[in-house]
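Undergrad: Those protein sequence lines, which keep their order, are chains A and B.
Going letter by letter, the first sequence gives residues 0 to 232 in numbering that gives the first Met the number 0.
Going letter by letter, the second sequence gives residues 0 to 217 in numbering that gives the first Met the number 0.
Cβ atoms here follow ideal geometry from the backbone N, Cα and C, with glycine treated the same way.
This is the structure I want to talk about, given as structure tokens.
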Amino acid sequence: MAGFNKVVKSYDEALDGLKDNMFLMVGGFGLCGIPENLIKKVHETGVKGLTIASNNAGVDGFGLGILLEKKQVKKMISSYVGENALFEKQVLSGELELELTPQGTLAEKIRAAGAGIPGFFTATGYGTVVADGKDIKMFNDRPYVLEPAFPKADFALVKAWKADTYGNLIFRKTAANFNPMIATAGIITVVEVEEIVEAGELDPNFIHVPGIYVDRLIKGSFEKRIEQRTVKK
Amino acid sequence: MALSREQIAQRISRELQDGYYVNLGIGIPTLVANYVPNGMEVMLQSENGILGMGEFPTEDKVDADLINAGKQTVTVTKGAAFFNSADSFAMIRGGHVDLTVLGAFEVDQTGALASWMIPGKLVKGMGGAMDLVAGAENIIVAMSHASKDGASKILKKCSLPLTGVNCVKLVVTDLAVLRLENGKFHLLERAPGVSVEDIKRLTEAELIIPAVVPEMTF
Numbered sequence: 000m001a002g003f004n005k006v007v008k009s010y011d012e013a014l015d016g017l018k019d020n021m022f023l024m025v026g027g028f029g030l031c032g033i034p035e036n037l038i039k040k041v042h043e044t045g046v047k048g049l050t051i052a053s054n055n056a057g058v059d060g061f062g063l064g065i066l067l068e069k070k071q072v073k074k075m076i077s078s079y080v081g082e083n084a085l086f087e088k089q090v091l092s093g094e095l096e097l098e099l100t101p102q103g104t105l106a107e108k109i110r111a112a113g114a115g116i117p118g119f120f121t122a123t124g125y126g127t128v129v130a131d132g133k134d135i136k137m138f139n140d141r142p143y144v145l146e147p148a149f150p151k152a153d154f155a156l157v158k159a160w161k162a163d164t165y166g167n168l169i170f171r172k173t174a175a176n177f178n179p180m181i182a183t184a185g186i187i188t189v190v191e192v193e194e195i196v197e198a199g200e201l202d203p204n205f206i207h208v209p210g211i212y213v214d215r216l217i218k219g220s221f222e223k224r225i226e227q228r229t230v231k232k
Numbered sequence: 000m001a002l003s004r005e006q007i008a009q010r011i012s013r014e015l016q017d018g019y020y021v022n023l024g025i026g027i028p029t030l031v032a033n034y035v036p037n038g039m040e041v042m043l044q045s046e047n048g049i050l051g052m053g054e055f056p057t058e059d060k061v062d063a064d065l066i067n068a069g070k071q072t073v074t075v076t077k078g079a080a081f082f083n084s085a086d087s088f089a090m091i092r093g094g095h096v097d098l099t100v101l102g103a104f105e106v107d108q109t110g111a112l113a114s115w116m117i118p119g120k121l122v123k124g125m126g127g128a129m130d131l132v133a134g135a136e137n138i139i140v141a142m143s144h145a146s147k148d149g150a151s152k153i154l155k156k157c158s159l160p161l162t163g164v165n166c167v168k169l170v171v172t173d174l175a176v177l178r179l180e181n182g183k184f185h186l187l188e189r190a191p192g193v194s195v196e197d198i199k200r201l202t203e204a205e206l207i208i209p210a211v212v213p214e215m216t217f
């Protein structure tokens with residue numbers, strides 16, 4: 000009897016059921032707050048034809064960048080890419096499809112997917128290529144673009160800071176970014192964390208994401224690579 | 000003399016007001032943070048999830064979990080808050096950010112702005128720029144007035160793919176400060192030593208020139 004205990008013992012178990020051509024959402028902004036060990040495991044499984052919604056696409060050799068090495072990704076949905084030579088090469092050669100989405104729209108498409116909202120109107124992108132082919136509606140004399148929500152992700156891959164065994168999550172600083180919404184939007188939501196405590200040990204006042212959204216939880220160890228180390232002298 | 004990047008930032012900083020929440024884009028806009036007037040409190044929003052962004056950390060304070068929207072390591076100031084990306088863009092789209100400063104390749108007299116895509120070059124993406132221009136009531140565009148070979152970037156109609164429409168209000172270039180009103184740019188100030196004729200020659204858009212155009216001072 001597992002009850003509400005979401006903890007799994009291995010990364011194999013965490014990604015059990017992952018198959019070719021699935022739709023994944025992956026948390027992180029740049030390399031900050033990415034589920035780096037889950038991504039490594041996706042790489043190791045060798046599944047192909049993935050569609051991935053994630054704000055960025057990692058760098059060469061780290062983060063989502065490693066999934067390009069064996070051409071596991073069919074399509075990326077992101078707001079900003081191109082820290083990544085292999086990514087550029089695959090987009091330019093047509094091997095990798097790229098759908099650019101404004102960052103706020105991306106966040107809202109994920110949030111809406113988790114909240115059972117099929118679409119929403121936003122002023123973002125009106126009059127630009129982003130609105131091409133989409134319905135426009137006037138509210139208070141201003142035009143808005145109808146943006147469909149994403150479908151739920153087959154796997155939502157999330158990095159949080161702390162969790163209890165029931166899957167209640169707490170994030171740290173800017174490593175939250177897209178992770179809290181992505182946690183809500185998975186058919187199977189898998190979360191890797193730095194620390195797991197017993198249920199009851201986290202103050203319910205300070206839970207960022209309640210455990211109801213979380214299906215599998217695993218404790219990892221993280222490199223936390225820094226993309227641009229800028230310091231004051 | 001055309002303004003330096005620092006001077007453009009310095010001029011923009013004069014538009015700040017006490018108690019403003021401000022989002023600064025990458026490039027020249029980032030430099031505005033260096034010129035916040037003494038005694039004024041301004042809080043910087045970074046769209047990856049910070050209100051109250053501070054300066055770069057000292058080596059011993061570097062934290063991989065604390066970066067800005069340019070993916071650089073940063074610190075936070077007194078009274079800062081962290082939040083997720085949906086909350087961050089609710090702030091932006093909901094019109095809660097008092098001032099947004101961003102760069103552009105081109106602006107035009109219809110109020111459109113192009114900043115994210117040059118056809119023929121690899122497109123890296125719009126990031127949060129489309130959300131920022133659609134959501135902000137108060138936008139300042141920091142840009143160069145013309146290309147190196149003298150082609151105006153202040154146009155009747157943008158030639159590049161747009162970031163947003165009906166969003167340009169105040170533009171600070173290396174040559175001038177321009178306010179867009181009723182479909183025309185009004186020349187408010189000129190860079191030291193730059194003549195009204197120079198600005199006119201490098202402005203393709205319709206330009207309203209008052210009798211006196213003061214020189215900026217630094």
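For the beta strand (DSSP E) that R224(A) lies in, which residues bound it at each end?
TA: Note, R224(A): premise wrong, no beta strand (DSSP E); not H, not E.
Undergrad: Let's see if you can read the secondary structure: which residues bound the beta strand (DSSP E) around P220(B)?
TA: In the structure displayed, chain B extends from 0 to 217; residue 220(B) sits before or after that span and is not available.
Undergrad: Let me check understanding here. Comparing Cα to Cα, which of F149(A), S77(A), V213(A) lies closest to V192(A)?
TA: Ranking the options by Cα distance to V192(A), first place goes to V213(A).
Undergrad: V144(A) bridges to which residues according to DSSP?
TA: BP columns for V144(A) point to T121(A), I135(A).
Undergrad: I'd like to know if K136(A) contacts chain B, where contact means its C-beta is closer than 8 Å to some C-beta of that chain.
TA: Chain B, which has no Cβ nearer than 8 Å to the Cβ of K136(A), makes this no.
Undergrad: Closer than 7 Å by beta-carbon distance: list the chain A residues that pair up with T162(B), in chain order.
TA: By Cβ distance, chain A contributes T127.
Undergrad: Do three or more CB pairs link the stretch 124–137 of chain A to the stretch 149–164 of chain A at distances below 8 Å?
TA: No, because fewer than three Cβ pairs between the stretch 124–137 of chain A and the stretch 149–164 of chain A fall closer than 8 Å, the two stretches do not touch.
Undergrad: Considering only residues of the same chain and omitting the five flanking positions on each side of E188(B), which have a CB-CB separation below 6 Å?
TA: Within the same chain, E188(B) has close Cβ partners V176, P213, M215.
Undergrad: Short of 9 Å Cβ to Cβ, which residues in the stretch 163–179 of chain A face chain B?
TA: Going along the stretch 163–179 of chain A in chain order, one finds F170, R171, K172, T173, A174, A175, N176, F177, N178, P179 with a Cβ nearer than 9 Å to chain B.
Undergrad: Pull up the CB-CB distance for G163(B) and A111(B), whole angstroms please, since I reckon it's below 8 Å.
TA: Yes, G163(B) and A111(B) are in contact; Cβ-Cβ is about 7 Å, under 8 Å.
Undergrad: Would you give the residue range spanned by the beta strand (DSSP E) that V7(A) belongs to?
TA: Careful: V7(A) lies outside any beta strand (DSSP E) and carries neither H nor E.
Undergrad: Name, in chain order, the residues that DSSP records as bridge partners for C31(A).
TA: Per DSSP, F28(A).
Undergrad: Run down chain A in chain order and give the residues with a C-beta less than 7 Å from the C-beta of I66(B).
TA: Result: G29, C31, T173.
Undergrad: Locate the alpha helix (DSSP H) running through D130(B), then write down its first and last residues.
TA: Unbroken alpha helix (DSSP H) run through D130(B): 128–134.
Undergrad: Any beta carbon from chain B within less than 8 Å of G81(A)'s own beta carbon?
TA: Closer than 8 Å to some Cβ of chain B, the Cβ of G81(A) qualifies, so yes.
Undergrad: For chain B, is any of its Cβ atoms less than 8 Å away from the one on M0(A)?
TA: Caution applies to M0(A), whose pLDDT of 49 falls short of 50 and renders its modelled position unreliable; the model cannot decide the point.
Undergrad: Considering only the beta carbon of each residue, do G51(B) and V75(B) sit closer than 8 Å?
TA: Yes; because the gap between Cβ atoms is below 8 Å, this pair is in contact.
Undergrad: Quick one: give me the first and last residue of the beta strand (DSSP E) that R215(A) is part of.
TA: That run of the beta strand (DSSP E) goes 215–218.
Undergrad: Would you report the Cα separation of K156(B) and K123(B), rounded to the nearest angstrom?
TA: Their Cα atoms are separated by approximately 23 Å.
Undergrad: Select from F61(A), I51(A), F3(A), T229(A) the residue whose C-alpha is nearest the C-alpha of F221(A).
TA: Measuring from the Cα of F221(A), the nearest candidate turns out to be F61(A).
Undergrad: Report the start-end ranges of each beta strand (DSSP E) in the stretch 64–133 of chain B that is 3 residues or longer and not cut off at the edges.
TA: The qualifying runs are 75–81, 98–102, 105–107.
Undergrad: Quick one: what does DSSP say M0(A) is sitting in, helix, strand or coil?
TA: With a pLDDT of 49 at M0(A), under the threshold of 50, the predicted position of this residue should be treated as unreliable, and no value is reported.
Undergrad: Would you give the residue range spanned by the alpha helix (DSSP H) that T188(A) belongs to?
TA: That residue, T188(A), is in no alpha helix (DSSP H); its beta strand (DSSP E) goes 185–192.
Undergrad: So what does DSSP say about R178(B), is it helix, strand or coil?
TA: Note: R178(B) maps to strand in three-state DSSP.
Undergrad: For A122(A), which residues in chain B fall below 8 Å Cβ to Cβ?
TA: Within 8 Å Cβ-Cβ: R92, A133, G134.
Undergrad: For R141(A), count neighbouring Cβ atoms within 10 angstroms of its own Cβ and tell me buried if that reaches 16, exposed if not.
TA: Exposed: under 16 other Cβ atoms inside 10 Å.
Undergrad: Three Cβ pairs or more, each shorter than 8 Å: is that satisfied between the stretch 221–232 of chain A and the stretch 56–65 of chain B?
TA: Because the criterion of three Cβ pairs below 8 Å is met, the stretch 221–232 of chain A and the stretch 56–65 of chain B touch.
Undergrad: Determine the chain B residues that contact A106(A) at a beta-carbon separation under 7 Å, and present them in chain order.
TA: Within 7 Å Cβ-Cβ: S84, A85, F88.
Undergrad: Measuring alpha carbon to alpha carbon, tell me which residue in F138(A), I169(A), V189(A) is nearest V196(A).
TA: Taking only the C-alpha atoms, the option nearest V196(A) is I169(A).
Undergrad: Does any C-beta atom of chain A lie closer than 8 Å to the C-beta of A8(B)?
TA: With 8 Å as the cut-off, A8(B) does not count as an interface residue toward chain A.
Undergrad: Straight-line CA distance for Q9(B) to Y34(B)?
TA: Rounded to the nearest angstrom, the two C-alpha atoms are 6 Å apart.
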